[in-house]
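Contents: one structure, followed by commentary.
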Amino acid sequence: MDLDPKKFAALLDKIEAEADEFLLARNQMVENDKERNANREALTALRKRARTTKTSVMSPFDSMMKDIHGSSTKPLVQEVCSTCGSHDSSEPTWMMLPGADLFAAIPFHAVHTMLEKGIIFVYIYLLLSFRD
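Going from the sequence shown to my numbering is simple: count from 1 and add 40.
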């Protein structure tokens, strides 16, 4: 079975193009995994700073039951962030956005919310030790 050299070259080109696509997809998977790991590390650092875990914060219904005994002007259900917990959610957290040489002080709650929703794909540097 003799292959025409032109057909053989076309077949090799097709194989090479598919191999290139495979390598690009593999590299993209590696980059996505790095971003996911960076987000996970940043969220862990934020939880450590707030001294919470995913399960250490009361549910909104626990808060509601405690508030029933208080005045009736308070809302019955209070939203409790599982990352912030009792930490001051408005405390400025210094971070650097990807592709920028600019640091910004953004509220703690906003930073971890953006990370959890994947709005920020990090190369984020949380300056947890930088405090006024």
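Ideal Cβ placement from N, Cα and C applies to all residues, glycine included.
Take the alpha-carbon of E81 and the one of N67: they are about 21 Å apart. In this structure, the beta-carbon distance from R89 to F143 does not fall below 9 Å. Beta-bridge partners of P132 (DSSP): P147. L83: member of the alpha helix (DSSP H) spanning P45 to A90, first to last residue. Taken atom to atom, the span from the alpha-carbon of D128 to that of A85 is near 15 Å.
Restricting attention to S130, R87 and L83, the CA atom closest to the CA of M154 is found in L83.
Note on geometry: alpha-carbon atoms of A150 and N79 lie some 14 Å from one another. In this structure, R87 sits near H152, with a CB-CB distance shorter than 9 Å.
The C-alpha of I55 lies about 12 Å from the C-alpha of K47.
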